[in-house]
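What follows is a set of notes on a single structure, which appears directly below.
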C-alpha cells in the first residue's frame, strides 16, 4: 500500500482523482489538503469532503489550505486578471445539467468537518515526525507545499515522490504561456520544482494526450455507482465544452487532468512518454508569468523533474473502470 | 522584377554568407545593408559588413546601426553574462563561431554618414514600391525605425527575421541569441502589423550545411564559394564541439536561410501562422512564446518549424557559381 | 550671447507657458521645438504647439516626435494612466490640459523629419553646445541617444521637467513625464551629459497664484494674457484635485525649466546626486535619488526647492517683451 497525501482544488477532475485514490486498494490516502484554484478554498474544501464521502469515506482528514498565492498578489501588474477564455460548458445527461466547473459539486455533504490545522502546518508537523516517506499528489496551485517547504526545506527528504499536475510544454490554457495551476502561484511552483524531492510532472500535454472518449464515458457509466457515474457525467460535460472551446487533436474527447496522477500511481505504464528534464517556473510580470520552462539547449542544466508529456487514454480508462468497479487489484 | 531588400546584419560568419547570397542573387536587389550590435560590437559588425561588400566589389551602401539594445542594458541584471566558454581548438588553432574580424582584407570603403534607423525612415518614406527587410541580427534598428515613424509600415512588404526557437534554443535555456539580445525590439517588430516571417533555430538547424556541401562550394572556384566554405567549415568545427546537430559534421548557417527563403520560399517547411510574443523577464527573457491554444490570441507572425537543407545548399551553390570573381 | 535651446514639449497648458517664455527671453535662442506624446496624443500636442507658434508669429521649426513610449506598452500588463478628470467651474468643465489650446487652427506644418532624427542630425553638426529642455516624456531623446550616443558631447545641459522626491502625481511613486516612459528617462539619466532634474518638489514650490495671474493680465500683451488663462485654468484644477501649500495657486512645471536656463538662481536647492529611474513593479517611473552617505556616482542635479517670486518676475519680464497686444 502506498501512502499518499493529496493536495487538491476540487474541482471535478480533482474529485475524480480523490475518488479513484480512495477506492484503489493500492493506495492509502492519509490526508487531503485543499487550496485555492478552480474555485475559492472554502468551496474546494467543501467539495473535497463531498468527493471523499461519495467514495465512501468520512474519516480521511481534510486540511483547509491557502486562500491565495504566496506573493503574486502583491504585485499590482501581476494581479491584473488575464482575459480568461470562456471554457466551462455544461451538458444534459438524462435531463440533468452537468457542468465542467461548478463552484460546488453536485454531491451530498458528509457530517464530518474539515480539520482546524491549516494545510501547510499539517505538512510541517506530519513530515517532520513521520518515519516513513510519503508520496504527495498535488493537483491544484502549489501554495501549501510552497509555504511548507519555505518554512523547512528539509521536508523534501521525507517525500518519496511528488506527483504534480501542472504546467505545459507545448500546451497552455489560462494564458498563451501558462497552465492554470502554475499560473495561480508561480513562486510556489518554482519552490516545489527546486525542492530536491523526486518529481513526476504530469503536464497539460500528457493530460490532453489521454483525453477520454465517448466509448470510455459509456463504459464508466455502465459501472453504475456514484463515483463512476460522476466521472461519466464529467467526461460528458468536458467533451462538449472542449468541442466548443478548445477542440483537441482527437475530436470529441475530454481530458480529466488530475485523475492521471492517481492512474499513474496505480499503474505507471499509463505514462507513455517520460523524460528527465531541467525545468523551472517563470515568476515575473508579463507574458511569461507561471510558464513552465524546459531547458531546450543541447547543453542543458541538470534535470530536476521527470517530465510527462504523453499518456495512454485506453489504459487510463481501464484503471478508472477497475478501481470504480471494485476490482482495482488487477494491475497492482 | 527583382525584389528589393534591405539586409540588417551583425556580421558575423553566417551574416557574411547571407550578404554574399543577397548580393549575388538575380532575384533580389540589395538596396542597402544596415549593421547592428549583436554577435560582436557595432564597430566590428560594421567593419565586417564593409569587408564582405568590398570582397564582392558590390555597389551597396552600408549604414551603421545601433550600438546597444533599446533598453535591455539599463537593467544590470539583464546584462549579458559571458560564461567562460572553453576555446575550440582545431589543428592547434582556436576556432570561433564568429571571429572578431572576418579573415578577408580590411575595408577601404566606408559606411554612409547617417545611421541605420535614420536611413530606414528616409528611404522608406521616399520609396515608390514596397521593400522587404531581412533582419538577421538583433532587431534594434528596425524597432527604432518603427518608433521614429510608424507610417513607414506602408512601404514594408515583409520583414524576414532570423531569430527565436520553438524546440531549440541556444543562448539561455529558453532563448535564441538575436531575440534575447533585444527582446523589446523583437516584440515591437513582431507586433508592428507588417507581414513578419520568423526563421527560428528549428528551421535553420534543419537546413544545415555539411562538410560535403562545403566541398561543393569550394569546387565552384569563386571568391564567394571559397569564403562561404571557409566560414561554414569554421562553424561546423564549433557546432561539432558544443552544439552537435542531428546531421553529423554540419552547421546551421542561420542568416543565409532567410535570404534563400526570398529566392525560393519552399526552402522553409512547415510554416505556420501563429501568435508570437517575446518574453522580457527572468527565464523567459528573449523567448519566442507561441500561443498553443485553440482560442489563440491574434495571429501576428509566420513561424517556420522546418527547413529543407538540400534545397538550401542548391540555392547557395547556384548563387556562388554566379560570382564573377575567381577564387584562389 | 543667448543660450541655444531646443524645447521638447507635449503641449499642454504649462508647455505653452514654457514655449512663450523661451521664445520671448533675450537670454534664449530657441532653435527648434520638438513635440512628444504625453499630455495628449502626438497629433494633438503637435497641433497645439503649432497653434501657439503661429499665434506668436514665431519662426521656429517644429519637429513631430514619437507617438508612444519606447517599450512600456509592448505588453498588456502595464497599469493604465488615470485620465485627466475635468473640474466643473461656473458650470463649465475645466481640465488641466485641454485637447486643443484655445487658439486659431495652425497653418504651419511640422518639419518632415522625426524629432529624434532632428536631434541626431542637428547635434552632430552643432559647433557649440546646445541646451535641451525636455518637458514631456523623454522618448525622443531616449531614441536619439540610442541611435547616436555621441550626441551627448554636444549637449550643454539637459533640463528635464520630471520626477519627484517627496511629491508625485500620476501614481503613488511616479510623476507623469517619467512614468510615461521610464526607460527613455533612464537613458537620459545615464547619457553622460549634465542633467538637471526639475521635479515636482521644485515646481510645486514655484507656484503661480491668482494674484500673479492678475499681474500677467496687467502687462497687456498677447502672451501675458494667454499665460494668465492657462495658469488660471490650472489653479482651478489644482484647487480641486491637488491643492498646494499656498492657496489658489498652480504649478506651471514646464516654464520653471525655461526660467532656470534664463536665471539659474530660480532653483534654490539644487543638489548634485545620483538619480536613477525605477523600471519595474511599484517603482516604475519613480525618480530614485541615492540619499546615502556613500552614494553611487553622481550623475545629475536634482532641484528640491525654487523661488516663486523670482519665477514670476522672470515670466513677467518675458511676457512684457511680446510685441503683440492682447
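Protein chains in written order, with this note's numbering: chain X, 44 to 375; chain S, 224 to 551; chain Y, 4 to 329.
Ideal placement from N, C-alpha and C gives every residue a C-beta, glycine not left out.
Taking just the CA atoms, how far does residue 406 of chain S sit from residue 133 of chain X?
Answer to the nearest angstrom: the Cα atoms are 41 Å apart.
Tell me residue 97 of chain Y's beta-bridge partners as DSSP assigns them.
Answer by DSSP bridge pairing, in chain order: Y:90.
Which runs of the alpha helix (DSSP H) at least 4 residues long sit entirely within the segment 166-241 of chain Y? Give them in chain order.
Runs of the alpha helix (DSSP H) inside the segment 166-241 of chain Y: 179-183, 185-192, 203-206 and 213-222.
Return the chain-ordered list of same chain residues with a C-beta closer than 7 Å to the C-beta of residue 402 of chain S, the five sequence neighbours on each side being excluded.
Answer for residue 402 of chain S: 386, 387, 409, 501, 509 and 511, listed in chain order.
State yes or no: is the beta carbon of residue 9 of chain Y nearer than 8 Å to at least one beta carbon in chain S?
Chain S contact via Cβ: absent.
In chain order, what residues of the same chain have a beta carbon less than 7 Å from the beta carbon of residue 344 of chain S, not counting five sequence neighbours either side?
For residue 344 of chain S, where only same-chain residues beyond five positions count, the Cβ hits under 7 Å are 368, 371, 372 and 375.
Between the segment 373-400 of chain S and chain Y, which residues of the former have a C-beta closer than 9 Å to a C-beta of the latter?
Cβ contacts with chain Y: 373.
Count Cβ pairs between the segment 312-322 of chain S and the segment 335-354 of chain S that sit closer than 8 Å; are there 3 or more?
No contact exists between the segment 312-322 of chain S and the segment 335-354 of chain S.
What residues in its chain sit with their C-beta under 6 Å from that of residue 281 of chain S, if we drop five residues either side in the sequence?
Cβ within range, chain order: 246.
If you follow the beta strand (DSSP E) that residue 319 of chain S is in, where does it begin and where does it stop?
Counting along the chain, residue 319 of chain S falls outside any beta strand (DSSP E), and DSSP gives it neither H nor E.
What residues from the segment 327-344 of chain S come within 7 Å of chain Y, judged by C-beta to C-beta, listed N to C?
Those residues of the segment 327-344 of chain S that come within reach of chain Y (Cβ to Cβ, closer than 7 Å) are 338, 340, 341 and 344.
Can you tell me the Cα-Cα spacing of residue 102 of chain Y and residue 14 of chain Y, whole angstroms?
Cα to Cα, residue 102 of chain Y sits roughly 9 Å from residue 14 of chain Y.
I'd like to know if residue 495 of chain S contacts chain Y, where contact means its C-beta is closer than 8 Å to some C-beta of that chain.
Residue 495 of chain S does not count as touching chain Y.
For residue 503 of chain S and residue 330 of chain X, I'd like the C-alpha separation in whole angstroms.
Going from the Cα of residue 503 of chain S to the Cα of residue 330 of chain X covers about 8 Å.
Could you pull out every unbroken beta strand (DSSP E) segment of at least 3 residues lying fully inside the segment 198-227 of chain X, listed in chain order?
Whole beta strand (DSSP E) segments, 3+ residues: 202-208.
By DSSP, does residue 14 of chain Y sit in helix, in strand, or in coil?
The answer is coil: DSSP assigns residue 14 of chain Y none of H, G, I, E or B.
Got a sec: is the Cβ-Cβ distance from residue 379 of chain X to anything in chain S below 8 Å?
Limits of chain X in this structure are 44 at one end and 375 at the other, which puts residue 379 of chain X out of reach.
When you compare only the Cα positions, how much space is there between residue 375 of chain X and residue 316 of chain X?
The predicted model places residue 375 of chain X with a pLDDT of 29, which falls under 50 and marks its position as unreliable, so this point remains unresolved.
Classify residue 380 of chain S as helix, strand or coil using the three-state DSSP reduction.
Residue 380 of chain S falls in the strand class under three-state DSSP.
Output the distance between the C-alpha atoms of residue 183 of chain Y and residue 161 of chain Y, rounded to the nearest integer angstrom.
Distance between the alpha carbons of residue 183 of chain Y and residue 161 of chain Y is about 18 Å.
Does residue 290 of chain S get closer than 8 Å to chain Y when you measure Cβ to Cβ?
Yes, because at least one Cβ of chain Y sits closer than 8 Å to the Cβ of residue 290 of chain S.
Is residue 232 of chain S closer than 8 Å to residue 258 of chain S when the C-beta atoms are compared?
Contact: yes.
Run through the DSSP bridge pairs and tell me what residue 385 of chain S is partnered with.
Its beta-bridge partners are S:422.
For the alpha helix (DSSP H) containing residue 412 of chain S, list its first residue and its last residue.
Element bounds for residue 412 of chain S: 406-413.
If residue 248 of chain S and residue 486 of chain S are in contact, beta carbons under 8 Å, what's the gap, nearest whole angstrom?
The Cβ separation is near 6 Å, so the contact holds.
Which residues of chain S have a Cβ atom closer than 9 Å to the Cβ of residue 334 of chain X, listed in chain order?
Going along chain S in sequence order, the residues near residue 334 of chain X (Cβ under 9 Å) are 397, 502, 506, 507, 510 and 512.
Show which residues of chain X have a CB atom less than 7 Å away from the CB atom of residue 284 of chain Y.
In chain order: 118.
Output yes if chain X places a C-beta closer than 8 Å to the C-beta of residue 348 of chain S; else output no.
No, residue 348 of chain S does not count as interfacial toward chain X.
Below 8 Å on the Cβ atoms is my contact criterion, and I expect residue 490 of chain S with residue 483 of chain S to pass it. Report the Cβ-Cβ distance as a whole number of Å.
That pair is a contact at about 5 Å.
Curious, which full-length beta strand (DSSP E) runs of at least 3 residues does the segment 19-71 of chain Y contain?
Segments of the beta strand (DSSP E) lying fully in the segment 19-71 of chain Y: 31-38.
What would DSSP say about residue 536 of chain S, mapped onto helix, strand or coil?
Three-state result, residue 536 of chain S: helix.
Just the Cα atoms here: how many angstroms apart are residue 258 of chain X and residue 267 of chain X?
Approximately 15 Å, taken between the alpha carbons.
Please report how far the alpha carbon of residue 330 of chain Y lies from the alpha carbon of residue 88 of chain Y, in whole angstroms.
Absent from the structure is residue 330 of chain Y, since the part of chain Y shown begins at 4 and ends at 329.
Would you call the segment 238-249 of chain X and the segment 202-218 of chain X touching, i.e. three or more CB-CB distances under 8 Å?
Judged by Cβ distances under 8 Å, the segment 238-249 of chain X makes contact with the segment 202-218 of chain X, as three or more pairs qualify.
State the DSSP-derived secondary structure class of residue 397 of chain S, mapped to helix, strand or coil.
Residue 397 of chain S: coil per DSSP, three-state reduction.
Of all Cβ atoms in chain Y, is any one closer than 8 Å to the Cβ of residue 59 of chain X?
Output row for residue 59 of chain X: interface = no.
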